[in-house]
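First comes the structure, then the notes that go with it.
Protein chains: 2
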Amino acid sequence: MPKSPLKLLKSQKRNAPPPPAESGFDVPKLARSTLNEEVYEELKQALISGKIAPGSTMTIRSLAQSFGISIMPVREALRRLVAEHVLVLLPNRSVALPLFTPERFHEITRIRTSLEGLAAEEGARHVTPELFDRLTRMTKLMETSPNASPADVLEWNREFHFGLYRASGMPVLVKMIESLWLQVGPLLNLQQQVFAAEKISVYVHHHRALEGLKKKKPAEVRAAIIGDIEDAAKIIGARL
Amino acid sequence: MPKSPLKLLKSQKRNAPPPPAESGFDVPKLARSTLNEEVYEELKQALISGKIAPGSTMTIRSLAQSFGISIMPVREALRRLVAEHVLVLLPNRSVALPLFTPERFHEITRIRTSLEGLAAEEGARHVTPELFDRLTRMTKLMETSPNASPADVLEWNREFHFGLYRASGMPVLVKMIESLWLQVGPLLNLQQQVFAAEKISVYVHHHRALEGLKKKKPAEVRAAIIGDIEDAAKIIGARL
DNA sequence: TAGTGTAATAAGTGATCACAGAGAACACAA
DNA sequence: TTGTGTTCTCTGTGATCACTTATTACACTA
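Going down the list, the protein sequences come from chains A and B.
My numbering runs 20 ahead of the 1-based position in the first sequence.
My numbering runs 20 ahead of the 1-based position in the second sequence.
The structure is reproduced here in structure tokens:
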């Protein structure tokens, strides 16, 4: 089991003396974010961008040292990711990014079709013209940017899906789908690389969804999103 | 916003000198459980048994004092429950059991029908004769125990549902459903009290499910479970 | 009496320390 | 060389302390 050193961010010590002067006005900072949230976001980002290999373990202390902070915020961030099933607790009580078995992947795909199908159908019922334009723009962006980085394409794809899902007005559902995307995060990256390499286009499903939105047929939107998920899963599933 | 004192358990201090002798054999203790897990389980139990009122806030220190331990395990247990959306983080960063709005309840019900429908249908495909017997027994138990405590009935009902769901062989799905049940936990208790008071029987759905299992018609099992969820939700939804 | 500003208290966050268990490294014997 | 036992290090868990922020209480003034 490889151990990832994970030198993500070498920030300065926190309890070192404060920066020299800091004279002048402070920015309002509406929502003071805590250190553990920053670590959480940082780790999440590392996961979805494929910087951490599935199966690798990580220790609290080494991460804390990489971040240049004490172990407390790292501890909380890791436990949160475990609670969200993004990381798993090994019997030794150390945390690891779970390995993807074909069974687990297949199961998550089935759950995704069920949940995202619901979100898509309900989102279709509440779609506004502005949202429709944004979704169209995202799809165009993906199609007409052959040289875009996989990370960019993934981000556009994410915006397309979640833009539609959020329109459902079902925040709990959206959170659950986000959690599922996080769990398949390491694979999404692989998926996009395969797509880019083999020039596979799954945008037919996006177009079907847009069509369904225009015709105000929520059931068609649902079918299109499910097709999108299943087609992508077929590619990845074959490579597990 | 009421503050629940929550005197759950007055255990002895942890870092007090160890018990006098402890001579004799220790039980093997396969999985050494940590203090934060115990607190987590304890709080979970308090939630599903309705001991904590929705909307009430709780503080780390007061809980720690109730348990007679330091704040660390309580801190981790609370954050875990927040990560699982059982508790919410208020803007003040204090935690609370969320209030149930009709919208949230309705949304969770829709998600439940989607997810539990899937689990029921898939469970029906893998049901064994032994499991069928157990499910039949649970239903009989519920029907023929007019004086059973609501907590007992809830437990039997839970075993019926999750026994079926677990047969699906989809552990991720089962975990997600468990999380949803936890979120509606405070209402499940209310529900059972209403049922007991008004002698409402929802067991027709259980019988339909058993029938579907016997006839090997997974789709019918799905429909029965969805009917069960929606009927129960109708009762509760009307009282929100 | 009502409103406001200040002091006192409580609570969450982060750092550090202490401890116990697991794992690795190493030395010694067969 | 291989197996075994011991030691040492590493890691997670829990306790305690320090700090900052938010809430409450209280006193003073209009």
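Think of the CB as a built atom: it goes at the ideal place given N, C-alpha and C, for glycine as much as any other residue.
Start-to-end residues for the alpha helix (DSSP H) that takes in residue i
| i | result |
| --- | --- |
| residue 249(A) | 238 to 257 |
| residue 86(A) | 80 to 87 |
| residue 175(B) | 170 to 186 |
| residue 129(B) | 122 to 145 |
| residue 64(B) | 55 to 68 |
| residue 164(B) | Run containing residue 164(B): none; DSSP gives neither H nor E here. |
| residue 104(B) | Per DSSP, residue 104(B) belongs to no alpha helix (DSSP H) and is neither H nor E. |
Residues near residue i by beta carbon distance below 6 Å, same chain, minus five either side
| i | result |
| --- | --- |
| residue 44(B) | Here residue 44(B) scores only 32 on pLDDT, less than 50, and its place in the model is too uncertain to base an answer on. |
| residue 207(A) | 256 |
| residue 210(A) | none |
| residue 226(B) | 159 |
| residue 68(A) | 205 |
| residue 238(B) | 141, 144 and 145 |
| residue 118(A) | 108 |
| residue 83(A) | 94 |
| residue 202(B) | 106 |
Proximal residues to residue i (C-beta, below 7 Å), its chain only, five neighbours per side dropped
| i | result |
| --- | --- |
| residue 241(A) | 140, 141, 144, 229, 232 and 233 |
| residue 132(A) | 200 and 249 |
| residue 189(B) | 146 |
| residue 213(A) | 170 |
| residue 246(A) | 133 and 137 |
| residue 59(B) | 87, 93, 94 and 97 |
| residue 49(A) | Residue confidence is low: residue 49(A) scores 34 on pLDDT, short of 50, so the model does not pin down where it sits. Its coordinate-derived value is still stated next. Around residue 49(A): no qualifying Cβ. |
| residue 162(B) | 173, 176, 177 and 223 |
| residue 253(B) | 129 |
| residue 90(B) | 84 |
Beta-ladder partner(s) of residue i, from DSSP
| i | result |
| --- | --- |
| residue 115(B) | 78(B) and 109(B) |
Cutoff 8 Å; reference residue i; Cβ partners in own chain excluding five residues on either side
| i | result |
| --- | --- |
| residue 115(A) | 77, 78, 98, 101, 102, 107, 108 and 109 |
| residue 216(B) | 170 and 173 |
| residue 186(A) | 143 and 194 |
| residue 196(B) | 135 |
| residue 260(B) | 120, 121, 122 and 125 |
| residue 151(A) | 183, 184 and 187 |
| residue 54(A) | 93 |
| residue 22(A) | With a pLDDT of 38 at residue 22(A), under the threshold of 50, the predicted position of this residue should be treated as unreliable, though the coordinate-derived value follows. Excluding sequence neighbours, residue 22(A) sits near 73, 75 and 76. |
| residue 80(A) | 91, 94, 95 and 98 |
The ligand FAD heavy atom lying under 6 Å from the CB of residue i
| i | result |
| --- | --- |
| residue 166(B) | Although the ligand FAD was asked about, the structure shown includes no ligands whatsoever. |
Item checked: Under 9 Å (Cβ pairs) to chain B, residues found in the stretch 92 to 111 of chain A -> 95, 96, 99, 100, 101, 102, 103, 104, 105 and 111
Note to self: If we require 4 or more residues per run, which alpha helix (DSSP H) segments fall completely within the stretch 192 to 227 of chain A?
What the structure shows: 205 to 218
Margin query: What are the residues in the stretch 131 to 154 of chain A lying within 7 Å of chain B by C-beta distance?
Written below: 131, 134, 135 and 138
Margin query: If the cut-off is 8 Å on Cβ atoms, which residues from the stretch 61 to 82 of chain A count as contacting chain B, listed in chain order?
Written below: Against chain B - using a Cβ distance shorter than 8 Å - the stretch 61 to 82 of chain A contributes no residues.
Notebook entry, point to check: What residues in the stretch 157 to 176 of chain B have a beta carbon less than 9 Å from any beta carbon of chain A?
Noted result: none
Next item on the list: Compile a chain-ordered list of the residues in the stretch 190 to 205 of chain B whose CB is closer than 9 Å to at least one CB of chain A.
Entry: 190, 191, 192, 193, 195, 196, 199, 200 and 203
Note to self: By the 7 Å beta-carbon criterion, what residues does the stretch 240 to 253 of chain B contribute toward chain A?
What the structure shows: none
Margin query: Residues of the stretch 222 to 236 of chain A in Cβ contact with chain B at a cutoff of 8 Å, in chain order, please.
Written below: none
Check: At a Cβ cut of 9 Å, what residues of the stretch 111 to 125 of chain B count as close to chain A, listed as they run along the chain?
Finding: Within the stretch 111 to 125 of chain B, the residues whose Cβ lies closer than 9 Å to some Cβ of chain A are 111, 113, 123 and 124, listed in chain order.
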